[in-house]
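See below for the structure under consideration.
Residue numbers (the UniProt record's numbering): 1 to 69.
Encoded structure:
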């Protein structure tokens, strides 16, 4: 069993997907959580509960329109 931090570290260290966006969806909204996610190699962070518009904004930021088509 692997948590999201370790999964992110392994994805980043493999070198296979250097541009893969990794966004944390977490129930842990502690102030240091965002930095912990970034340190593990995640690009962004969204605390639960979140609004659809918040999720859409993050997805728009990290997934180019060309990749969706």
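No residue lacks a Cβ here, since even glycine has one placed at the ideal position from N, Cα and C.
It should be emphasised that the depicted structure is a prediction, and the values quoted were computed from it without experimental measurement.
Residue i (DSSP reduced to helix, strand or coil)
i          : result
residue 55 : helix
residue 47 : strand
residue 39 : helix
residue 24 : strand
residue 16 : coil
residue 77 : The displayed coordinates of the chain run from 1 to 69. Any statement about residue 77 would go beyond what the structure contains.
residue 11 : helix
Contact under 8 Å by Cβ, residue i with residue j
i          : j          : result
residue 21 : residue 63 : yes
residue 53 : residue 26 : no
residue 41 : residue 14 : no
Contacting residues, own chain, Cβ-Cβ under 6 Å from residue i (five flanking each side not counted)
i         : result
residue 3 : none
residue 5 : 40
Neighbourhood of residue i by C-beta distance below 7 Å, restricted to the same chain and skipping five residues each side
i          : result
residue 58 : 23, 44, 46
Neighbourhood of residue i by C-beta, 8 Å cutoff - its chain only, sequence neighbours within 5 removed
i          : result
residue 34 : 45
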